[in-house]
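K.L.:
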Amino acid sequence: MATVDPHSYADPDQGRTTRVALKLDVDFESRRLVGTATLGLDATSGGHLDLDTRDLDIQKVELGDGTALKFELGDKDAVLGQKLRVMVPDGTDEITITYRTSPEASALQWLEPANTAGKKHPYLFSQCQAIHARSMAPLQDSPRCRIPYTAEITVPDPLVAVMSAAPGESRKGVKAETTTWSFEMPQAIPPYLLALAVGNLVSEDLGPRSRVYTEPEMLKASAWEFATIDDMLRKAEELFGEYRWGRFDFLVMPPAFPYGGMENPRLTFLTPSLIAGDRSLVEVLAHELAHSWTGNLVTNATNEHFWLNEGFTVWAERRINEVLEGEEAVALSSALGREALQGEIDRFGADSKYTALYNEQAGVDPDDVYSQVPYEKGCLFVTLMEKTVGREKFDHFLRDYMDTFQFRSLDTEEFLDFLELKL
Numbered sequence: 074m075a076t077v078d079p080h081s082y083a084d085p086d087q088g089r090t091t092r093v094a095l096k097l098d099v100d101f102e103s104r105r106l107v108g109t110a111t112l113g114l115d116a117t118s119g120g121h122l123d124l125d126t127r128d129l130d131i132q133k134v135e136l137g138d139g140t141a142l143k144f145e146l147g148d149k150d151a152v153l154g155q156k157l158r159v160m161v162p163d164g165t166d167e168i169t170i171t172y173r174t175s176p177e178a179s180a181l182q183w184l185e186p187a188n189t190a191g192k193k194h195p196y197l198f199s200q201c202q203a204i205h206a207r208s209m210a211p212l213q214d215s216p217r218c219r220i221p222y223t224a225e226i227t228v229p230d231p232l233v234a235v236m237s238a239a240p241g242e243s244r245k246g247v248k249a250e251t252t253t254w255s256f257e258m259p260q261a262i263p264p265y266l267l268a269l270a271v272g273n274l275v276s277e278d279l280g281p282r283s284r285v286y287t288e289p290e291m292l293k294a295s296a297w298e299f300a301t302i303d304d305m306l307r308k309a310e311e312l313f314g315e316y317r318w319g320r321f322d323f324l325v326m327p328p329a330f331p332y333g334g335m336e337n338p339r340l341t342f343l344t345p346s347l348i349a350g351d352r353s354l355v356e357v358l359a360h361e362l363a364h365s366w367t368g369n370l371v372t373n374a375t376n377e378h379f380w381l382n383e384g385f386t387v388w389a390e391r392r393i394n395e396v397l398e399g400e401e402a403v404a405l406s407s408a409l410g411r412e413a414l415q416g417e418i419d420r421f422g423a424d425s426k427y428t429a430l431y432n433e434q435a436g437v438d439p440d441d442v443y444s445q446v447p448y449e450k451g452c453l454f455v456t457l458m459e460k461t462v463g464r465e466k467f468d469h470f471l472r473d474y475m476d477t478f479q480f481r482s483l484d485t486e487e488f489l490d491f492l493e494l495k496l
């Protein structure tokens with residue numbers, strides 16, 4: 074089973090990106106990010122390096138000493154975007170790309186003040202899954218190409234920037250009435266977990282490892298609703314081992330946020346609809362927390378193997394909720410999941426390749442075939458493995474699996490080889 078990514082122009086044989094450093098200004102008036110992306114490279118043999126982009130205005134590419142490099146943008150592809158081919162000399166270990174995003178960048182959502190809780194300030198957030206990071210920065214936009222990153226994000230006052238990374242110090246920006254916020258993600262993450270939000274944000278600590286960010290109008294309710302998150306985190310560690318991301322902070326999004334949640338490491342994005350006022354929906358957070366082990370720590374090599382992310386995560390989510398809510402609650406969740414799975418099978422057709430756990434997606438936008446199949450059918454397969462060998466033995470296998478593949482990406486064949494070896 075090949076691990077060539079049909080959703081990326083990147084060819085790791087040309088050299089891999091070892092790190093990304095972003096320096097970007099957030100321009101709400103033009104709805105653009107403007108600045109540079111510096112890519113660290115492992116030793117290249119020279120020739121060309123292919124990167125993924127979508128609707129980026131590439132202005133120049135340079136070596137670290139300022140030497141200009143030749144580059145070309147390929148034709149636009151409806152699924153892949155445009156290939157950015159950079160001509161690099163032998164031994165190149167770093168290039169800097171000056172660019173700006175499009176107002177229609179697929180990863181970026183620009184909200185008018187009317188669409189926020191406070192109604193006074195604009196808001197920006199990103200959603201890079203599945204293949205939208207390339208519209209935010211030029212890079213090897215494939216989950217098999219994991220990268221650590223740093224960022225300096227300059228925003229207009231009084232707005233605050235947050236990212237899926239550890240926050241550093243802030244300083245006054247070069248331009249008047251701006252602030253530059255710095256970030257570092259030391260662990261290597263798949264590009265779809267690159268995340269940015271900018272808005273009128275405040276925060277409150279909920280425990281030694283958790284903090285909630287949101288608009289001032291939602292802070293009190295959000296802090297109360299999720300006050301027990303540290304207990305959930307401890308319970309998850311008892312099941313799956315050490316939490317390896319440092320902090321589990323999260324951002325409660327504006328009412329216009331169209332998703333339930335996104336598992337960005339160190340800063341999960343959450344819908345405000347979870348704020349019920351009685352903590353009755355807090356268990357929904359278990360899915361995003363479970364991703365800290367299954368999906369973020371160990372990741373599918375391409376979207377064709379998405380079940381490795383989501384099947385394990387639904388299973389892990391239900392294990393957490395079994396401890397917190399009891400077996401009856403999990404039985405109900407599982408029954409609803411099977412009903413959702415049957416609905417997807419009916420939609421695609423029982424013989425459709427998209428009802429299989431692994432399916433080829435060359436020429437297909439992963440957003441167009443998104444479904445509950447990798448979630449629920451994947452969970453059923455994981456549950457079958459657990460029941461076949463017994464929970465104790467399977468739990469030992471799972472920890473071994475995560476220790477072996479931590480901060481790595483793998484495909485279904487690699488998983489099955491490991492399964493056969495260990496179970």
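To convert a position in the sequence shown, counted from 1, into the working numbering, add 73. For every residue, glycine included, the Cβ atom is placed at its ideal position computed from N, Cα and C. Here the structure is a predicted model, which means the values were calculated and not measured.
Whose CA, out of 198, 371, 257, 210, lies closest to the CA of residue 132?
P.N.:
That would be 210, whose Cα lies nearest to the Cα of residue 132.
K.L.:
In its own chain, which residues sit with a C-beta less than 7 Å from the C-beta of residue 376, not counting the 5 before and 5 after it?
P.N.:
The residues are 80, 203, 434, 439.
K.L.:
Buried or exposed: which applies to residue 281, given that a residue is buried once 16 or more other Cβ atoms fall within 10 Å of its Cβ?
P.N.:
The residue is exposed, with fewer than 16 neighbouring Cβ atoms inside 10 Å.
K.L.:
By the three-class DSSP mapping on this structure, what secondary structure does residue 225 have?
P.N.:
Residue 225 falls in the strand class under three-state DSSP.
K.L.:
Can you tell me the Cα-Cα spacing of residue 447 and residue 427, whole angstroms?
P.N.:
Those two C-alpha atoms are separated by around 9 Å.
K.L.:
Can you tell me the Cα-Cα spacing of residue 263 and residue 381, whole angstroms?
P.N.:
Cα to Cα, residue 263 sits roughly 14 Å from residue 381.
K.L.:
Please list the terminal residues of the continuous alpha helix (DSSP H) segment that includes residue 311.
P.N.:
That run of the alpha helix (DSSP H) goes 302-313.
K.L.:
In the DSSP assignment, what residue or residues form a beta bridge with residue 499?
P.N.:
As displayed, the chain neither begins before 74 nor continues past 496, which places residue 499 out of reach and without an answer.
K.L.:
Count the CB pairs spanning the segment 206-220 and the segment 289-303 that are closer than 8 Å, and state whether there are at least three.
P.N.:
At 8 Å Cβ cutoff, the stretches do not touch.
K.L.:
Would you mind sorting residue 162 into buried or exposed? The rule is 16 or more other CB atoms within 10 Å of its CB.
P.N.:
So residue 162 ends up on the exposed side.
K.L.:
Let me know if residue 339 comes out buried or exposed under the rule of 16 or more other beta-carbons within 10 Å of its beta-carbon.
P.N.:
That one is buried.
K.L.:
Could you spell out the range, first to last residue, of the beta strand (DSSP E) harbouring residue 94?
P.N.:
First-last of the beta strand (DSSP E) with residue 94: 90-100.
K.L.:
Verify whether the separation of the beta carbon atoms of residue 123 and residue 158 is less than 8 Å.
P.N.:
Against a cut-off of 8 Å, the Cβ pair of residue 158 and residue 123 comes out as a contact.
K.L.:
Go ahead and label residue 408 buried or exposed: buried means 16 or more other beta carbons lie within 10 angstroms of its beta carbon, across all protein chains shown.
P.N.:
It counts as exposed.
K.L.:
Using 8 Å for Cβ pairs, my map puts residue 200 next to residue 371. What's the rounded Cβ distance?
P.N.:
The pair is not a contact, with the Cβ atoms about 22 Å apart (cut-off 8 Å).
K.L.:
Since residue 196 is in the beta strand (DSSP E), which residue starts that stretch and which ends it?
P.N.:
Here the beta strand (DSSP E) through residue 196 covers 196-199.
K.L.:
Hey, residue 454 and residue 430: beta-carbon distance below 8 Å or not?
P.N.:
Yes, the pair counts as a contact, with Cβ atoms nearer than the cut-off.
K.L.:
Name the residue from 285, 269, 449 whose alpha carbon lies nearest to the alpha carbon of residue 95.
P.N.:
The candidate whose alpha carbon is nearest that of residue 95 is 269.
K.L.:
Can residue 220 and residue 99 be called in contact, C-beta distance under 8 Å?
P.N.:
No, they are not a contact pair.
K.L.:
Whole alpha helix (DSSP H) runs in the segment 219-307 with 4 or more residues, listed along the chain?
P.N.:
Those alpha helix (DSSP H) runs which fall completely within the segment 219-307 and span 4+ residues are 289-298.
K.L.:
Quick one: Cα of residue 292 to Cα of residue 190, how far?
P.N.:
Rounded to the nearest angstrom, the two C-alpha atoms are 11 Å apart.
K.L.:
Rounding to the nearest angstrom, what Cα-Cα distance links residue 77 and residue 374 in this structure?
P.N.:
Distance between the alpha carbons of residue 77 and residue 374 is about 9 Å.
K.L.:
Using the three-state DSSP reduction, which class does residue 121 fall into: helix, strand or coil?
P.N.:
Strand.
K.L.:
Assess, as a yes-or-no matter, whether the segment 349-357 is touched by the segment 455-466 under the definition of 3 or more beta carbon pairs within less than 8 Å.
P.N.:
Judged by Cβ distances under 8 Å, the segment 455-466 makes no contact with the segment 349-357, as fewer than three pairs qualify.
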